[in-house]
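Per the working numbering, the sequence shown runs over residues 571 to 720.
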Amino acid sequence: KSTIGLELARASGWPFLDADDLHSPEARAKMAAGIPLDDDDRWPWYAILRKRIEAQRGAGKVYVLACSALKAIYRDRLKDGDAPGQMAFVLMDGSQEVIAGRLAARKGHFMPPALLASQLATLETTDDLLCINIEQSPEAMVDEILAALG
């Protein structure tokens, strides 16, 4: 998410925010211990993210937010009150093996690859997601996202 989010921000000129940077110390510690977050852990985080979204909207800005909005209800919370089409959700779609390999290769992140299975089990796909195959180059992924956004 972060790599493609940064590349999308560079290509579009939009600012970038990584939602992982806004997790509470308690949530980070829980994930670092290999314990998946539950809804009670996530709701305060989504409230913070929504405030950031509203602030950007109020300033008339478009930006890229890398975020694991796994459930439809989480995505609904993030777009709460927005007009249809104001927010797009991109699903970085790939096999568990490919994603696990990428998670294992990253350095210094608080979420261990062992939590991937719980994240995939939590994921709810909906028709409004723009699904991007992660087995293509980052440049191709960004081009596909930009083309879909028009």
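Don't be surprised by glycine CBs; every beta carbon is placed ideally from N, CA and C.
Residues bridged to Leu690 by DSSP? Leu690 is not bridged to any residue.
Taking the alpha-carbon of Ala589 as reference, which of Leu716, Leu648, Leu635, Asp646 has the nearest alpha-carbon? Comparing alpha-carbon positions, the option among Leu716, Leu648, Leu635, Asp646 lying closest to Ala589 turns out to be Leu635.
Extent of the continuous alpha helix (DSSP H) run through Ile605: For Ile605, no alpha helix (DSSP H) segment is defined, and its DSSP state is neither H nor E.
Under DSSP, the alpha helix (DSSP H) around Asp663 begins and ends at which residues? Here Asp663 belongs to no alpha helix (DSSP H); instead the beta strand (DSSP E) covers 659-663.
Local Cβ density within 10 Å of Lys677, reported as buried at 16 or more and exposed below that: When all chains shown are included, Lys677 counts as exposed.
Can you tell me where the beta strand (DSSP E) holding Ile704 begins and where it ends? Where Ile704 is concerned, there is no enclosing beta strand (DSSP E), given that its DSSP letter is neither H nor E.
Taking the Cβ atom as the reference point for each residue, do Lys649 and Pro585 lie within a distance shorter than 8 angstroms? No; because the gap between Cβ atoms is not below 8 angstroms, this pair is not in contact.
How many whole angstroms separate the CB atoms of Ala587 and Tyr644, which I take to be in contact at a CB cut-off of 8 angstroms? This sequence places Leu at residue 587; Ala is not what is there. Between Tyr644 and Leu587 the Cβ distance is about 16 angstroms, and since that is not below 8 angstroms, they are no contact.
If I follow the unbroken beta strand (DSSP E) through Asp588, where does it start and stop? DSSP places Asp588 in the uninterrupted beta strand (DSSP E) bounded by 586-588.
For Leu693 and Leu699, what's the separation of their Cα atoms in angstroms? Cα to Cα, the separation comes out at about 12 angstroms.
Limits of the unbroken alpha helix (DSSP H) element including Leu719: 708-719 is the extent of the alpha helix (DSSP H) around Leu719.
Ignore the nearest five residues each way along the sequence and tell me which others in Leu686's own chain have a CB closer than 7 angstroms to its CB. Gln666, Ile669, Ala670, Leu673, listed in sequence order.
Spatial neighbours of Ile618 within its chain, please: CB distance less than 7 angstroms, with the 5 preceding and 5 following residues excluded, ordered by chain position. When the five nearest sequence neighbours on each side are left out, the beta carbons in the same chain lying within less than 7 angstroms of the beta carbon of Ile618 are those of Leu592, in order along the chain.
Looking at the unbroken beta strand (DSSP E) that takes in Val634, where does it start and where does it end? Its beta strand (DSSP E) spans residues 634-636.
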